[in-house]
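Undergrad: Okay, here's the structure, questions in a sec.
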Amino acid sequence: MKMLSWPRLSTKSRPQRDSGAREILLQAAAAVEARSETIFRGRGRVTGFPPEYCAGLPLTIARSRVWSALCDNSVSVWCALDDVAAASLLELVIGGPGAAQPTALERSIVTETVERLLQSIGGSWNEQHDALWPDTQWWRATLRISTQKSGYADLVLLAAAAPNPAAPVAAPVNAGHVPLNVVAVLSPVSVRLETVLRWTPGSVLALDRPPDALILLQSGRTPLAVGRLGQSNGRRVIKVESIALDASQ
Amino acid sequence: MSSGPQLESLADVEVLVCARLGQARMPLNSVLSLTEGAVVPLDCAPDAPAILLVNGVGVASGDLVLMDDGMLAVEIHEVSK
Chain R
1 MKMLSWPRLS TKSRPQRDSG AREILLQAAA AVEARSETIF RGRGRVTGFP PEYCAGLPLT
61 IARSRVWSAL CDNSVSVWCA LDDVAAASLL ELVIGGPGAA QPTALERSIV TETVERLLQS
121 IGGSWNEQHD ALWPDTQWWR ATLRISTQKS GYADLVLLAA AAPNPAAPVA APVNAGHVPL
181 NVVAVLSPVS VRLETVLRWT PGSVLALDRP PDALILLQSG RTPLAVGRLG QSNGRRVIKV
241 ESIALDASQ
Chain L
1001 MSSGPQLESL ADVEVLVCAR LGQARMPLNS VLSLTEGAVV PLDCAPDAPA ILLVNGVGVA
1061 SGDLVLMDDG MLAVEIHEVS K
């Protein structure tokens, strides 16, 4: 059995998504390559390029002829041949260029050639004249059909890839241990500057607040909570009565 | 050449004075889990002086005392130079 060896196009690692679809394209390309010698009677060969993950369809898809089949009983595989590739494929088959505007006969030659190649993949292939493309990402494998004399024609195999796995949600920074300075203050009183300037040891500033006045706990200028003054275990304490956010509601 | 405003002219300016009773250094987790009834220990003894902040700046400190009318006051012991 002939083994495929894929040209190494890049050393850059690629994201591995939906390897099922990718594997099906690999197998499909291998099947086409294996069958190509028979189909072209030794005058042409097929080189498969490794499947690539792509976010969208090829730009040439709008001017391509398209075939599709359900492969492996679950994965839709599509084959696209754009008008340039169709002309090249025709030239490759008939040994010379076709008409500027492909004739019906030329179109049928191209159809026959493509469908023979696709039959080697298996599945029931049908040309789609008004293809409804799933809005998804794709695996794409290019099959390059070439001869020594002519140029080449690229058949593009497409298989819908699984949606991108959801981007991992970045775990929030664990800042729970970060310390905050929390200050306990009595609500301010308004005092004339003149009074402040005359403060000396022994001066008394009336706060006009009862001993059980609410004390504000704040960090920087941000109020956190309010509570009452008390003492416990030889320390001044604030017993929280409400959270500042709640109090503002 | 004109000089700036005289200090006397600013005598009537009102400033906000608040008494800082103490502070605590708390992990964010503890702050976020504060609930009604929680007790936050401050970093000072019950009779520690209060710091008087004028527009946020500490300018004096003194004892927290009760006036004859039952209201709180600060008896200043030290004034920042």
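Line order of the protein sequences matches chains R and L. Take the first sequence: its position 129, counted from the start at 1, is 129 in our numbering, and no numbers get skipped. If you count the second sequence from 1, you need to add 1000 to reach our numbering. Even glycine gets a Cβ: it sits at the ideal position worked out from N, Cα and C.
(1) Taking 8 Å as the cut-off, decide whether the C-beta atoms of TYR53 (chain R) and GLN128 (chain R) are in contact.
(2) Alpha carbon to alpha carbon, how far is TRP139 (chain R) from SER68 (chain R)?
(3) Within 8 Å (strictly less), CB to CB, does ASP1012 (chain L) reach chain R?
(4) Which whole-angstrom value describes the C-beta separation of VAL1039 (chain L) and SER232 (chain R), a residue pair presumed to lie in contact below a C-beta threshold of 8 Å?
(5) Are VAL196 (chain R) and VAL1015 (chain L) closer than 8 Å when you measure CB to CB?
(6) Does the beta-carbon distance from LEU180 (chain R) to LEU1028 (chain L) come in below 8 Å?
(7) Using a Cβ-Cβ cut-off of less than 8 Å, give me the residues of the segment 225 to 241 of chain R that come near chain L, in sequence order.
(8) Counting only Cβ pairs nearer than 7 Å, list the residues of chain L close to PRO179 (chain R).
(9) Hey, is VAL1015 (chain L)'s beta-carbon within less than 8 Å of any beta-carbon in chain R?
(10) Examine the Cβ distances between the segment 206 to 214 of chain R and the segment 1061 to 1076 of chain L and report whether three or more of them are shorter than 8 Å.
(11) Does chain L have any CB closer than 8 Å to the CB of ALA222 (chain R)?
(12) Decide if ASP154 (chain R) is buried, meaning its Cβ has at least 16 other Cβ atoms within 10 Å, or exposed.
(13) In chain R, which residues lie less than 8 Å from VAL1031 (chain L) when you measure between Cβ atoms?
(14) Confirm, please, whether the CB-CB distance from VAL66 (chain R) to SER120 (chain R) is below 8 Å.
(15) Provide the residue span of the beta strand (DSSP E) that contains ASN1055 (chain L), from first to last.
(16) Identify, in the order they occur along the chain, each residue of the same chain with its Cβ nearer than 8 Å to the Cβ of CYS1018 (chain L), setting aside the five sequence neighbours on each side.
(17) What is the rounded straight-line gap between the Cα of GLU241 (chain R) and the Cα of ALA55 (chain R)?
(18) Could you tell me how far apart the beta carbons of THR47 (chain R) and ARG144 (chain R) are, in whole angstroms, since I believe they sit closer than 8 Å?
(19) By DSSP, does GLN231 (chain R) sit in helix, in strand, or in coil?
(20) Under three-state DSSP, which class holds VAL196 (chain R)?
(21) Identify the continuous alpha helix (DSSP H) that holds LEU118 (chain R) and give its terminal residues.
(22) Count the other C-beta atoms from every protein chain shown that fall within 10 angstroms of the C-beta of GLN101 (chain R), then say buried if there are 16 or more, exposed otherwise.
(23) What is the residue span of the alpha helix (DSSP H) that GLU91 (chain R) lies within?
(24) Any idea what DSSP makes of GLY56 (chain R), helix, strand or coil?
(25) Distance check for PRO1049 (chain L) and LEU216 (chain R), CA to CA, integer angstroms please.
(26) Buried or exposed: where does ARG41 (chain R) fall if 16 or more other Cβ atoms within 10 Å of its Cβ makes it buried?
(27) Return the first residue and the last residue of the beta strand (DSSP E) that VAL178 (chain R) is part of.
(28) Checking contacts by CB at 8 Å: is PRO201 (chain R) closer than that to chain L?
(29) Looking only at its chain, what residues have a beta carbon closer than 6 Å to the beta carbon of LEU25 (chain R), apart from the 5 residues adjacent to it on each side?
(30) Helix, strand or coil for VAL1074 (chain L) per DSSP?
TA: Quick look at the numbers:
(1) In the first sequence, residue 53 (chain R) corresponds to position 53, counting from 1. In the first sequence, residue 128 (chain R) corresponds to position 128, counting from 1. Cβ distance not < 8 Å, so TYR53 (chain R) and GLN128 (chain R) don't count as in contact.
(2) Within the first sequence, the letter at position 139 stands for residue 139 (chain R). Within the first sequence, the letter at position 68 stands for residue 68 (chain R). Going by the C-alpha atoms only, they are around 14 Å apart.
(3) The residue given as residue 1012 (chain L) occupies position 12 in the second sequence. So yes, ASP1012 (chain L) belongs to the interface.
(4) The count along the second sequence starts at 1 and reaches residue 1039 (chain L) at position 39. The count along the first sequence starts at 1 and reaches residue 232 (chain R) at position 232. Right, the Cβ-Cβ distance comes to about 6 Å (below 8 Å), so this counts as a contact.
(5) Numbered from its first residue, the first sequence carries residue 196 (chain R) at position 196. Numbered from its first residue, the second sequence carries residue 1015 (chain L) at position 15. In contact: VAL196 (chain R) and VAL1015 (chain L) (Cβ atoms closer than 8 Å).
(6) For this step, residue 180 (chain R) is matched to residue 180 along the first sequence. For this step, residue 1028 (chain L) is matched to residue 28 along the second sequence. Cβ atoms of LEU180 (chain R) and LEU1028 (chain L): closer than 8 Å.
(7) ALA225, GLY227, LEU229, GLY230, GLN231, SER232, ASN233, GLY234, ARG235, ARG236, VAL237, ILE238, LYS239, VAL240 and GLU241
(8) Here the question's residue 179 (chain R) lines up with position 179 in the first sequence. Per Cβ cutoff of 7 Å: ARG1025, MET1026 and PRO1027.
(9) Taking the second sequence and counting its residues from 1, the one referred to as residue 1015 (chain L) is at position 15. For VAL1015 (chain L), the answer is yes, since a Cβ of chain R falls inside 8 Å of its Cβ.
(10) yes
(11) By one-based count along the first sequence, residue 222 (chain R) stands at place 222. Note that residue 222 (chain R) corresponds to Thr in the displayed sequence, not to Ala. No, because no Cβ of chain L sits closer than 8 Å to the Cβ of THR222 (chain R).
(12) Taking the first sequence and counting its residues from 1, one reaches residue 154 (chain R) at position 154. Label assigned to ASP154 (chain R): buried.
(13) Sequence index remark: in the second sequence, residue 1031 (chain L) carries index 31 (1-based). Near VAL1031 (chain L) (Cβ distances below 8 Å), the residues of chain R are LEU180, VAL182, SER219 and LEU224.
(14) Position 120 of the first sequence, counted from the first residue, corresponds to residue 120 (chain R). Position 66 of the first sequence, counted from the first residue, corresponds to residue 66 (chain R). Not a contact, by the Cβ cut-off of 8 Å.
(15) Counting from 1 along the second sequence, the entry for residue 1055 (chain L) is found at position 55. Premise fails: ASN1055 (chain L) is in no beta strand (DSSP E) and is neither H nor E.
(16) As a first step, residue 1018 (chain L) is located in the second sequence; it is residue number 18 there, counting from the start. Excluding sequence neighbours, CYS1018 (chain L) sits near LEU1052 and LEU1053.
(17) For the purposes of this step, residue 241 (chain R) is taken as the residue at position 241 of the first sequence. For the purposes of this step, residue 55 (chain R) is taken as the residue at position 55 of the first sequence. Rounded to whole angstroms, GLU241 (chain R) to ALA55 (chain R) spans 56 Å at the Cα level.
(18) As a position in the first sequence, residue 47 (chain R) is number 47, starting the count at 1. As a position in the first sequence, residue 144 (chain R) is number 144, starting the count at 1. Contact holds; Cβ gap of about 5 Å.
(19) On the first sequence, position 231 is the one that residue 231 (chain R) refers to. Note: GLN231 (chain R) maps to strand in three-state DSSP.
(20) Locating residue 196 (chain R) in the first sequence gives position 196, counting from the first residue. It is helical.
(21) What you label residue 118 (chain R) is simply residue 118 of the first sequence in a count that begins at 1. Counting along the chain, the alpha helix (DSSP H) containing LEU118 (chain R) begins and ends at 104 to 119.
(22) Position 101 of the first sequence, counted from the first residue, corresponds to residue 101 (chain R). The residue is exposed, with fewer than 16 neighbouring Cβ atoms inside 10 Å.
(23) Taking the first residue of the first sequence as position 1, residue 91 (chain R) is located at position 91. Unbroken alpha helix (DSSP H) run through GLU91 (chain R): 83 to 94.
(24) What you label residue 56 (chain R) is simply residue 56 of the first sequence in a count that begins at 1. In this structure, GLY56 (chain R) counts as coil in the three-state DSSP scheme.
(25) Here residue 216 (chain R) refers to the residue found at position 216 of the first sequence. Here residue 1049 (chain L) refers to the residue found at position 49 of the second sequence. The alpha-carbon atoms of LEU216 (chain R) and PRO1049 (chain L) are separated by roughly 17 Å.
(26) As a working mapping, residue 41 (chain R) is identified with position 41 in the first sequence. ARG41 (chain R) is exposed by the Cβ-count criterion.
(27) Taking the first residue of the first sequence as 1, we reach residue 178 (chain R) at position 178. Note, VAL178 (chain R): premise wrong, no beta strand (DSSP E); not H, not E.
(28) The residue labelled residue 201 (chain R) in the question sits at position 201 within the first sequence. With 8 Å as the cut-off, PRO201 (chain R) counts as an interface residue toward chain L.
(29) Stepping through the first sequence from its first residue, residue 25 (chain R) is reached at position 25. The residues are PRO51, TRP139, ALA141, LEU157 and ALA159.
(30) On the second sequence, position 74 is the one that residue 1074 (chain L) refers to. Correct three-state label for VAL1074 (chain L): strand.
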